[in-house]
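Below is one structure, written out as structure tokens; the observations come after it.
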Amino acid sequence: MQKHFVTFFTLVIAMVLFSSFRPSIACDYVRSNMEFVKDQTEKAITKEDINQAHFYTYKALKAIEKSKKQLESCSCTSATKAIEDSLENLIMATRASTSDSTRLLLNRALQTIAYSLKELEEHDLHKGEYDNDILEMNTVSEGEQPDNSYEPLDPRTYQERIDESLKKYQKSINHVIETVDCNKARAFAQRIYDNCEQKLLTENLSEEKKYYNLKTKEITKNALNQLKDCVGSSK
1 MQKHFVTFFT LVIAMVLFSS FRPSIACDYV RSNMEFVKDQ TEKAITKEDI NQAHFYTYKA
61 LKAIEKSKKQ LESCSCTSAT KAIEDSLENL IMATRASTSD STRLLLNRAL QTIAYSLKEL
121 EEHDLHKGEY DNDILEMNTV SEGEQPDNSY EPLDPRTYQE RIDESLKKYQ KSINHVIETV
181 DCNKARAFAQ RIYDNCEQKL LTENLSEEKK YYNLKTKEIT KNALNQLKDC VGSSK
């Protein structure tokens with residue numbers, strides 16, 4: 001009886017833990033709608049008939065309009081800017097008088113739509129959307145202003161503040177290693193590591209962001225080293 005209780009309790013804890021790994025509902029909603037927008041834009045691009053192209057473009061525009069409140073709640077600045085650019089190009093596409101000009105504008109829109117989806121996908125990493133401090137991160141996405149708490153008076157000040165903020169992340173990822181299925185924990189840590197690696201390749205990244213992502217990458221690398229032997233097995 002006691003064994004069954006322990007098993008049940010472990011399953012409950014795991015369910016609670018992984019439910020907290022989801023980005024906010026608002027961001028999920030926006031991402032779902034933008035996937036639909038991407039699909040409709042791609043259909044519009046394939047149409048030789050300009051009226052058909054405009055038909056699918058209007059469907060894409062309608063989906064963006066329906067997402068405005070959720071986009072505001074999601075608070076992903078870089079995704080918002082990309083979606084606004086997409087909206088502008090889609091509107092211009094509906095006003096274009098030739099198939100070539102319509103297709104050109106739709107392709108421009110498609111590029112920013114794809115970028116917005118990427119930013120929304122990464123939003124749970126750089127905005128710290130996890131409940132109960134499961135994972136404390138505050139990676140600032142490209143295009144966002146840095147948090148005022150990281151505004152340095154001197155290099156030592158921002159480094160000390162970032163080091164302090166990452167103590168919670170260190171504690172959280174250790175908790176993940178100790179309590180979550182090994183393969184799932186490793187996949188999750190790898191996603192964070194890859195995200196930091198991509199951020200560090202970004203041109204004109206501020207010194208604060210470079211330091212933050214470098215230190216986060218180092219902590220996550222240590223976690224991955226602890227999890228390297230679990231591939232193909234589980235805790």
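Residue numbers (our numbering): 1 to 235.
Ideal Cβ positions, reconstructed from N, Cα and C, are used throughout, including at glycine.
Since this is a predicted model, take the numbers as computed values, not measurements.
Which of helix, strand or coil does DSSP assign to residue i?
| i | result |
| --- | --- |
| residue 176 | helix |
| residue 67 | coil |
| residue 217 | helix |
| residue 210 | helix |
| residue 204 | coil |
| residue 76 | coil |
| residue 86 | helix |
| residue 97 | coil |
| residue 47 | coil |
| residue 181 | coil |
| residue 144 | Interpretation of residue 144 is limited by its pLDDT of 39, a score under 50 that renders its predicted location unreliable; no figure is taken from the coordinates. |
Report the rounded CA-to-CA distance for residue i versus residue j, giving the unit in angstroms.
| i | j | result |
| --- | --- | --- |
| residue 230 | residue 160 | 34 Å |
| residue 188 | residue 58 | 38 Å |
| residue 97 | residue 84 | 22 Å |
| residue 221 | residue 205 | 21 Å |
| residue 52 | residue 86 | 19 Å |
| residue 183 | residue 190 | 10 Å |
| residue 43 | residue 73 | 29 Å |
| residue 199 | residue 224 | 19 Å |
| residue 120 | residue 210 | 21 Å |
| residue 215 | residue 201 | 15 Å |
For residue i, which of the options has the nearest alpha-carbon?
| i | options | result |
| --- | --- | --- |
| residue 95 | 82, 55 and 199 | 55 |
| residue 109 | 120, 69, 194 and 90 | 90 |
| residue 78 | 50, 117, 70 and 92 | 117 |
| residue 179 | 41, 227 and 85 | 227 |
| residue 67 | 28, 172, 225 and 52 | 28 |
| residue 99 | 47, 73, 212 and 113 | 47 |
| residue 193 | 219, 211 and 119 | 219 |
| residue 93 | 106, 34 and 203 | 106 |
| residue 197 | 203, 185 and 217 | 217 |
| residue 195 | 65, 212, 38 and 208 | 212 |
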